[in-house]
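Positions 0 to 197 (numbering that gives the first Met the number 0) are the ones given, in order, by the sequence shown. Encoded as structure tokens, the structure appears first; notes follow it.
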Amino acid sequence: MAVLNIRKYPDPILRQKAFLVKDIDGELQLLIDDMVDTLYAAPGIGLAAPQVGRSIRLFVLDLSGREEGGYPLSVLINPEIIHMEDEIRVEEGCLSIPDITEVVKRAGKIAIKGLDREGKEIIIEGEGTLARVFQHEMDHLNGKLFIDRLSSLKRNIIMRRLRKRIRSSGGLSRDEDTIHGDTGVRPSELRGAKSVRR
Ligand code: ZN
0 MAVLNIRKYP DPILRQKAFL VKDIDGELQL LIDDMVDTLY AAPGIGLAAP
50 QVGRSIRLFV LDLSGREEGG YPLSVLINPE IIHMEDEIRV EEGCLSIPDI
100 TEVVKRAGKI AIKGLDREGK EIIIEGEGTL ARVFQHEMDH LNGKLFIDRL
150 SSLKRNIIMR RLRKRIRSSG GLSRDEDTIH GDTGVRPSEL RGAKSVRR
């Protein structure tokens, strides 16, 4: 088990559409364990495989530390969003774009289908923060970042900040004083979730 290096914007892997996972084998289990370690070390609440340099459709999340509506450590392989409804606007951040948060419009309720780490099909329904994390991590698997979902005005302001930071430091580094990884948000924004296994 190991803490992996989190790829930061503008790493090109963050812009690639990730490939379907074909084999749920020992190598994948090791990667999942490392991703969980990396998620906790960050600390974050969600982490997609492209963020650790693997362009495959896999993400992990853990909202169990949240004060209300927490959701336990979960692994989703080849996930698909099968239902979306309602709309929420909440502040989002990303482990790959440190120290930038913005309000993003997302579906408020969602159902997602995928495989768990044993390869069993699962369907998870969630709302609030869980729904938002699912959408954020799904975006990573499609080469999309939360800044793509902002108005062009806001995006331009952020892009200017990012370009400046990349120029001055040779890359993005993390300010240790702030905690808002994929995709930390105030606990008051959490709502319930239920999962259906089959
Ligand atoms: Zn992210």
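Glycine included, every Cβ here is placed at the ideal spot set by N, Cα and C. Source: prediction; values computed, not measured.
Q: Give, in chain order, every unbroken run of the beta strand (DSSP E) that is at least 3 residues long and sits entirely within the stretch 35 to 83.
A: 45 to 47 and 57 to 60
**Q.** V103 in three-state terms, based on DSSP
**A.** strand
Q. Quick one: what does DSSP say V20 is sitting in, helix, strand or coil?
A. coil
Q: Could you tell me if N77 is buried or exposed, where buried requires 16 or more neighbouring beta carbons within 10 angstroms of its beta carbon?
A: buried
Q: Could you pull the start and end residues of the beta strand (DSSP E) that E86 belongs to?
A: Counting along the chain, E86 falls outside any beta strand (DSSP E), and DSSP gives it neither H nor E.
Q: Examine the ligand ZN and report whether any of its heavy atoms sits within less than 6 Å of the Cβ of D115.
A: no
Q.
Between I87, N155 and V35, which has its C-alpha nearest L75's C-alpha?
A. V35
(Q) Please determine whether the Cβ atom of D181 lies at a distance below 6 Å from any heavy atom of the ligand ZN. (A) yes
Q) How about the stretch 129 to 139 and the stretch 114 to 121: do they share at least three Cβ pairs that are nearer than 8 Å? A) no
Q) Straight-line CA distance for L13 to G142? A) 5 Å
Q: Have a look at E126 and I87 and give me their C-alpha separation to the nearest angstrom.
A: 10 Å
Q: Taking all protein chains shown into account, decide if R105 is buried (16 or more other Cβ within 10 angstroms of its Cβ) or exposed.
A: buried
Q.
Just checking S54 against the ligand ZN - is the residue's beta carbon closer than 6 Å to any of the ligand's heavy atoms?
A. no
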